[in-house]
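If you're matching them up, the sequences are chains A and B in order.
Note that my numbering has the first sequence beginning at 1129, numbered continuously upward.
Note that my numbering has the second sequence beginning at 43, numbered continuously upward.
Every residue gets a Cβ at the ideal spot worked out from N, C-alpha and C, and that includes glycine.
Computed from a predicted structure; not experimentally measured.
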Amino acid sequence: MARSSTAKDAQALIQSLRSAYAATPTNLKIIDLYIIFAVSTALIQVVYMALVGSFPFNSFLSGVLSCVGTAVLAVCLRIQVNKENKEFKDLPPERAFADFVLCNLVLHLVIMNFLG
Amino acid sequence: MARGLRFLVLILSVASICDAATFNPISDSHRSAALELFTPTDGSLKSLEETFEALRTFEVLGIDKKSEIKGYTCPTVVDTLWSPSSALKDLFQALRVNGVLKCELNDEVFAGIASRLKDNVKDANSLLDLHYSIGSLKLIKGQTAEVDVHLEDADGIFRAIKALSQSDGRWRFSSNNPESSTYAAGIALETLAGVVALASHDIDQSLMDTLKQDILKLFDGIERYDDGSCYFDEKLVDAQGNWGPVSASSSIVRGLTSFATSTPESLNLPGDRVLCLAKFFLGIGVPGNFKDLYHQIDALASLENNRQVISIPLILSLPSSVLSVTRKDQLKVRVNTVLGSAVPPLSVKLMQIFTSGSKDASIIDQELKFDPETKLHVLDALPENVDVGKYIFTFEILLHDPEHKKIYATGGRTKVSVYVTGVVNIDQAEIAILDSDLGNVETKKRLDLTGENTIALSANHLQKLRLTFQLTTPFGRAFKPHQAFLRLRHENGVEHIFLVRSSGKNFEITLDFLGLVEKFFYLSGGYDIQLTVGDSVMENSFLQPLGYLDLDLPDAPEKAARPPPQPVDFSSKYGPRAEITHIFRSPDKRPPTELSFAFLGLVLLPLGGFLIGLLLLRVNLRNFPSSTLPAFFAISFHIGIAAVLSLYVVFWLKLDLFTTLKALGILGISLMFTGHRTLSHLASTSAKLKSA
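Okay, structure coming up:
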């Protein structure tokens, strides 16, 4: 009895979450998708390291940091682009995107230097 | 009276022992040295002077390189002789080279040069200028008969040159240079010989007489070595250091022979002076530089081919100065001229034999048998009293034809040091351990010193070690070698060397360990025993280990001296260091390639998921600017980003950071510009939409 109610609750929760997320603007969804892509790539690399070993350690680090870094930058972009955030109301999304591009380029310059 | 005479003989023999040295005539080693030293660099020799010296040396040594040198030298010779501005020295050298090579030249050239040279002779005031001019004229005379090279005022020129001579027989290079030189004396003699040869009438006899006096004075200043050779020293030093005893003596010999050849009268030079000069040139062996080699060879050739105006030296040499009595070697003597060519019929006598270190000589007076095939004078058997040792043999050369005695210089008796070697007999070798107090023999072992020995002995400090052996020469006499040492070497490297003393044939050494404990630093333990017997005339000299001695010595008292630290082994100090092997980190284990590729695919999977997700979200490019200019900027913006990313890839593959940053700066500026234009365009579009 209790289990079924829990399952039902969970179902309801997910249902409400999905409906709430459906209302999210498309551009934010794209950013979310991008973050998921970056984080899952990082996870695969971590799994590889766990299985095989960390031999070219700097290559591993740069691979993972590239993914994590770009994910963090994407999160920042998402915060700035989100219209719900009143804090960034005056900031045009184009400006935020320009920041994102610039930061990514700088990040990858460092990553490439570290790649070895 | 008899006693006084004996004393005189004694003194003479002592004096004569010092000057025994072997001089060998010119041989193939000179030929190979000449070929090596006179190698043309870049196809030609450096200068005409050097070319002449090479040609002259090759000619004397009988090496045929003329046609080879002619090819590249003749053009230079012809150029130099045709050019009206050539220096005197160059003309002289060119004519000398032409004298050997016979390049194609016509008499017109010679006539032109001859008139120029004659003018020069009149104005010249330095010895070298006169030498070059007169030498050149003499060379022209030898190369063509058509040109008149006679000197009108030969007496005047003779006097001008003579004015530069000094009271000691040496010469000055010019009247305003006070320093005199032996080298210059040779040059002057050669020039005066040229004047005599070119003179249109005979030279004033009084001038010739004073010149002969000068030559004799020059020979008074000759320097002598102990081995019977003599030379002219050069006091004047030039900046290049070219002049030394070799060039000075060679110059004198050249001048002397050419002067003696040009005058009919005899110079009456003593034969032994000529011989001792020849010995000097032979005594320098094979010189290491080509100037000295040229001077040596040229001087010796002048001495040998002097048309008998001065004595021709004969050199007595031994093919081998080491004779083995065990092998029954014969004493062989060779007599040659300085250049190694044949000599007139003569016989060689062995006159005396001196034992090295002792003063008495045995008189032999035995004639050596001449072997016409090998051209050697052979003594069949050594005299009875010649045992192993170092000797000085005295030979005398006897010319068969009395006429030849005027032509050849044999220098009286020639002394040659000879080593007579042989196998020394080693007998009755024994090593024994004795009790100190009574002298009883504890252990006694026979040794075979010609073979290998591995004896093992043990002794304590109350005992003695005795080693005895006998040495006799092949003729049964006692033999005392230079070295007879017994060496004891402790395990830790401390070693002690003892001299083995002899009485007659017997050699004996007794080591009383009681007296030696202090010297041995109270070191008990194993000692290696080694015996050395050696001499230069002993064919079976040896240094061999005899075996091992286990010595039991009392413990060291507190105040006893410590063994000295072992000397550093110089071969390890200065020798090559131990080779360093570099150990590198072994490369880490790599995973199998399949696994890595599988993960590469796996890493690409999220990218695919991302793209599919984009499709599901129905992403489109509607916002992409459609009008021309903004579209252009948008496209450039994207291309710019792609360019920066590809630059990063190139940076990873091969570029360095500085190149990358420079390129990045240029790309970044354009990217900023296009990015700004694109994004501001988008911003303005969205603002318009909002306001609408």
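Can you find a CB in chain B that lies within less than 7 Å of the CB of LYS1211 (chain A)? In the first sequence, counting from the first residue as 1, residue 1211 (chain A) sits at position 83. Not an interface residue.
Beta-bridge pairing of ASN1241 (chain A) - partner residues as DSSP gives them: Position 113 of the first sequence holds residue 1241 (chain A). In DSSP, ASN1241 (chain A) forms no bridge with anything.
Go ahead and label ILE111 (chain B) buried or exposed: buried means 16 or more other beta carbons lie within 10 angstroms of its beta carbon, across all protein chains shown. The residue you call residue 111 (chain B) lines up with position 69 of the second sequence. By the Cβ neighbour-count rule, ILE111 (chain B) is buried, with 16 or more other Cβ atoms within 10 Å of its own.
Between the CA atoms of VAL579 (chain B) and VAL536 (chain B) - distance to the nearest angstrom: Locating residue 536 (chain B) in the second sequence gives position 494, where the first residue counts as 1. Locating residue 579 (chain B) in the second sequence gives position 537, where the first residue counts as 1. C-alpha separation (whole angstroms): 32 Å.
Against chain B, which members of the segment 1141-1153 of chain A pass a CB distance test of less than 7 Å? Taking 7 Å as the upper bound on Cβ-Cβ separation, chain B lies near no residue of the segment 1141-1153 of chain A.
Opposing strand residues paired with ALA498 (chain B) [DSSP bridges]: By 1-based counting over the second sequence, the position of residue 498 (chain B) is 456. In the DSSP assignment, the residues bridged to ALA498 (chain B) are B:TYR590.
Please say whether ALA1199 (chain A) and ILE1158 (chain A) have beta carbons closer to each other than 7 Å? Within the first sequence, the letter at position 30 stands for residue 1158 (chain A). Within the first sequence, the letter at position 71 stands for residue 1199 (chain A). Taking the C-beta atoms as reference points, ALA1199 (chain A) is found no nearer than 7 Å to ILE1158 (chain A).
Measure from the alpha carbon of LYS447 (chain B) to the alpha carbon of each residue in B:LEU170, B:ASP477, B:PRO355 and B:PHE652, then state which is nearest. Numbered from 1 along the second sequence, position 405 holds the residue referred to as residue 447 (chain B). Per the Cα distances, B:PRO355.
Are VAL328 (chain B) and ALA75 (chain B) closer than 7 Å when you measure CB to CB? Residue 328 (chain B) sits at position 286 when you count from the first residue of the second sequence. Residue 75 (chain B) sits at position 33 when you count from the first residue of the second sequence. Closer than 7 Å, so yes.
In three-state terms, what does DSSP make of GLN512 (chain B)? Within the second sequence, numbered from 1, the residue matching residue 512 (chain B) stands at position 470. In the three-state DSSP reduction, GLN512 (chain B) falls in the strand class (E or B).
What three-state label does DSSP hand PHE572 (chain B) in the structure shown? Within the second sequence, residue 572 (chain B) is the residue found at index 530, counting from 1. Looking at the sequence shown, residue 572 (chain B) is not Phe but Gln. Reduced to three states, the DSSP call for GLN572 (chain B) is strand.
Closer than 6 Å: is that where the CB of ASP407 (chain B) sits relative to any heavy atom of the ligand ATP? Among the ligands in the structure shown, none appear at all, so the ligand ATP cannot be discussed.
Of the listed residues B:ALA471, B:PHE674, B:ALA602 and B:ASP479, nearest to THR510 (chain B) (C-alpha basis): Here residue 510 (chain B) refers to the residue found at position 468 of the second sequence. It is B:ALA471 whose Cα lies nearest to the Cα of THR510 (chain B).
SER293 (chain B) classed as buried or exposed, judged by whether at least 16 other C-beta atoms fall within 10 angstroms: Along the second sequence, read from residue 1 onward, the residue named residue 293 (chain B) stands at position 251. Under this definition SER293 (chain B) is a buried residue.
Check for me: the alpha helix (DSSP H) holding ASN1186 (chain A) runs from which residue to which? As a first step, residue 1186 (chain A) is located in the first sequence; it is residue number 58 there, counting from the start. Counting along the chain, the alpha helix (DSSP H) containing ASN1186 (chain A) begins and ends at 1185-1209.
Leaving aside the five residues before and after VAL102 (chain B) along the sequence, list all residues of the same chain whose C-beta is less than 6 Å from its C-beta, in chain order. Taking the first residue of the second sequence as position 1, residue 102 (chain B) is located at position 60. For VAL102 (chain B), where only same-chain residues beyond five positions count, the Cβ hits under 6 Å are ILE339 and ALA343.
With DSSP collapsed to three states, give me the class of GLN394 (chain B). For the purposes of this step, residue 394 (chain B) is identified with residue 352 of the second sequence, where counting begins at 1. Three-state DSSP puts GLN394 (chain B) in a strand.
Proximal residues to THR93 (chain B) (C-beta, below 7 Å), its chain only, five neighbours per side dropped: As a first step, residue 93 (chain B) must be located in the second sequence, where it is residue number 51. Excluding sequence neighbours, THR93 (chain B) sits near LEU87, ILE111, THR115 and VAL139.
Given that VAL1180 (chain A) touches chain B, what residues does it touch there, using C-beta distances under 7 Å? Translated into positions along the first sequence, residue 1180 (chain A) becomes position 52. In chain order: PRO633 and LEU637.
Count the CB pairs spanning the segment 252-267 of chain B and the segment 208-216 of chain B that are closer than 8 Å, and state whether there are at least three. The answer is yes - the segment 208-216 of chain B touches the segment 252-267 of chain B, with three or more Cβ pairs under 8 Å.
Output needed for ASP149 (chain B): all residues of its chain with C-beta closer than 8 Å, excluding positions within five of it in sequence on either side, in chain order. Indexing the second sequence from 1 puts residue 149 (chain B) at position 107. Excluding residues within five positions, the ones whose Cβ falls inside 8 Å are THR186, GLU188 and VAL189.
Round the Cβ separation of SER363 (chain B) and VAL458 (chain B) to the nearest angstrom and send it over; I've been treating them as touching at under 8 Å. Here residue 363 (chain B) is taken as the residue at index 321 of the second sequence, counted from 1. Here residue 458 (chain B) is taken as the residue at index 416 of the second sequence, counted from 1. Contact holds; Cβ gap of about 7 Å.
Which residue's Cα is closest to the Cα of HIS723 (chain B): A:PRO1220, A:LEU1179, A:LEU1156 and A:ALA1135? For the purposes of this step, residue 723 (chain B) is identified with residue 681 of the second sequence, where counting begins at 1. With distances taken between Cα atoms, HIS723 (chain B) lies closest to A:PRO1220.
Identify whether CYS272 (chain B) lies in helix, strand or coil by the three-state DSSP scheme. Walking along the second sequence from the start, residue 272 (chain B) turns up at place 230. Three-state result, CYS272 (chain B): strand.
Could you tell me the distance, in whole angstroms, from the CA atom of ASP429 (chain B) to the CA atom of PHE549 (chain B)? On the second sequence, residue 429 (chain B) is found 387 positions in, with the first residue counted as 1. On the second sequence, residue 549 (chain B) is found 507 positions in, with the first residue counted as 1. Computed Cα separation, rounded: 20 Å.
One question on the structure: do ALA302 (chain B) and ILE352 (chain B) come within less than 7 Å of each other, judged by their Cβ atoms? For this step, residue 302 (chain B) is matched to residue 260 along the second sequence. For this step, residue 352 (chain B) is matched to residue 310 along the second sequence. Their beta carbons are under 7 Å apart, which means ALA302 (chain B) touches ILE352 (chain B) by this criterion.
Check whether the Cβ atoms of ALA239 (chain B) and LYS180 (chain B) sit closer than 7 Å, and answer yes or no. Position 197 of the second sequence, counted from the start, is the residue given in the question as residue 239 (chain B). Position 138 of the second sequence, counted from the start, is the residue given in the question as residue 180 (chain B). Yes, the pair counts as a contact, with Cβ atoms nearer than the cut-off.
Just to confirm my understanding: we take HIS524 (chain B), look at its own chain, exclude 5 residues before and 5 after, and list those with CB closer than 6 Å. What are they? Taking the first residue of the second sequence as 1, we reach residue 524 (chain B) at position 482. Around HIS524 (chain B): ASP577.
Cβ-Cβ distance between PHE693 (chain B) and MET1240 (chain A) below 7 Å: The residue you call residue 693 (chain B) lines up with position 651 of the second sequence. The residue you call residue 1240 (chain A) lines up with position 112 of the first sequence. Contact check for PHE693 (chain B) against MET1240 (chain A) passes: the beta carbons are separated by less than 7 Å.
Kindly indicate if chain A contains any beta-carbon less than 7 Å away from that of PRO618 (chain B). The residue given as residue 618 (chain B) occupies position 576 in the second sequence. No - not a single Cβ of chain A is within 7 Å of the one on PRO618 (chain B).
Selection from B:HIS532, B:HIS538, B:LEU528 and B:THR252 that minimises the alpha carbon distance to ILE551 (chain B): As a working note, residue 551 (chain B) is residue 509 in the second sequence. For the residues B:HIS532, B:HIS538, B:LEU528 and B:THR252, the minimum Cα distance to ILE551 (chain B) belongs to B:LEU528.
Quick one: grab the DSSP three-state call for PRO355 (chain B). Position 313 of the second sequence holds residue 355 (chain B). It is a strand residue.
Which term fits GLU232 (chain B), buried or exposed, when burial requires 16 or more other beta carbons within 10 angstroms of its beta carbon? Numbered from 1 along the second sequence, position 190 holds the residue referred to as residue 232 (chain B). Result: buried.
Per-residue DSSP class, three states only, for HIS419 (chain B): Looking up residue 419 (chain B) in the second sequence gives position 377. HIS419 (chain B) carries a strand assignment under DSSP once its states are collapsed to helix, strand and coil.
Own chain, CB closer than 7 Å to GLU533 (chain B), minus 5 neighbours either side, in chain order: Position 491 of the second sequence, counted from the start, is the residue given in the question as residue 533 (chain B). When the five nearest sequence neighbours on each side are left out, the beta carbons in the same chain lying within less than 7 Å of the beta carbon of GLU533 (chain B) are those of GLY567 and GLY568, in order along the chain.
Assess, as a yes-or-no matter, whether the segment 702-720 of chain B is touched by the segment 636-656 of chain B under the definition of 3 or more beta carbon pairs within less than 8 Å. Verdict: no, contact absent.
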